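In my numbering, the protein residues as written are 11 to 160.
Here you go:
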């Protein structure tokens, strides 16, 4: 029984990915802490800075997150005035998320800290391996699963 459990742990893609994700998330969170942003919040603001506004559904798809989790992550950003979440003027069922000037400023303040930890990771892990890792992780998103489909 112990051998089977050890083998499952050693071969579990989900566990390996989550361990690495927790490790890197904590590293990025620590680096971004002086700005009051967590890595997930930074990613949301960064994505919104490139598209200015998006529906919650579209934003969730762009960052591969379910809508409920995204909505939870948006609440503190909205409380701090970094984003607005408003009903769509054309579809009252949809909610439009927009980065505010304060949100853009906070993201820009965090950007050098993000760049530093990003460069440190690439130096420690290897730039080519990091690029390959990102490509492999992007490929994971195209394996045919539909984790958030209703």
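Backbone N, C-alpha and C fix where the C-beta goes; we use that ideal spot for every residue, glycine too.
Given the structure is predicted, the values throughout are model-derived calculations rather than measurements.
For the candidate residues 53, 139, 62, 49, whose alpha-carbon lies nearest to that of residue 73?
-> 53
Separation of residue 89 from residue 30, as counted between CA atoms = 30 Å
Can you tell me whether residue 33 is buried or exposed, with buried defined as 16 or more other CB within 10 angstroms of its CB?
-> exposed
If you compare alpha carbons, which of 98, 87, 125 is closest to residue 110?
-> 87
Simplified DSSP assignment, three categories, for residue 109 = strand
Among 91, 37, 105, 22, which has the Cα closest to the Cα of residue 69?
-> 105
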